[in-house]
Amino acid sequence: MDLLSDAIAAVRIGRPTSNRLSTGSAWCYRFAPYDGAGFHVLLRGTGWLVPDDGPPVPLGAGDAVLVPHGSPHTLSA
Numbered sequence: 002m003d004l005l006s007d008a009i010a011a012v013r014i015g016r017p018t019s020n021r022l023s024t025g026s027a028w029c030y031r032f033a034p035y036d037g038a039g040f041h042v043l044l045r046g047t048g049w050l051v052p053d054d055g056p057p058v059p060l061g062a063g064d065a066v067l068v069p070h071g072s073p074h075t076l077s078a
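Here our numbering is used: the first residue of the sequence shown is 2, the next is one more, and so on.
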């Protein structure tokens, strides 16, 4: 395993889930509040992380985002 996988496995609790979104040109996905923490990885292109309680954050290919405490947010491109 790599370092990130080891770290996630060490703190995993609850019901882990994963999804892979394959999108076209413009897209937007809203994440409602949830228990636990989450993360996103942008594999290609550019996009935005828009937290409910903060300014938009630009994202590029290879960027990873940790979302602590299941904070509501939006991902878009």
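Built from N, CA and C at the ideal position, the CB exists for glycine as well.
Answer with buried or exposed for residue i, where buried requires no fewer than 16 other C-beta atoms within 10 angstroms of its C-beta.
i   : result
H70 : exposed
L4  : exposed
Go to residue i, then tell me how far its beta strand (DSSP E) extends in each direction, as first and last residue.
i   : result
S77 : H74 to S77
P56 : Segment: none, P56 is in no beta strand (DSSP E) and carries neither H nor E.
A65 : A65 to V68
R31 : C29 to F32
G37 : No beta strand (DSSP E) contains G37, which DSSP labels as neither H nor E.
Which whole-angstrom value is the C-beta distance of residue i and residue j, which I expect to be below 8 Å?
i   : j   : result
F1  : L22 : Outside the shown range of the chain (2 to 78) lies residue 1, about which nothing can therefore be said.
L60 : L44 : Wrong, their Cβ atoms sit about 11 Å apart, outside the cutoff.
P57 : S72 : Rounded, the Cβ-Cβ distance is 14 Å, inconsistent with contact.
Suppose contacts are defined by Cβ-Cβ distances below 8 Å. Is residue i in contact with residue j by that definition?
i   : j   : result
A62 : G46 : yes
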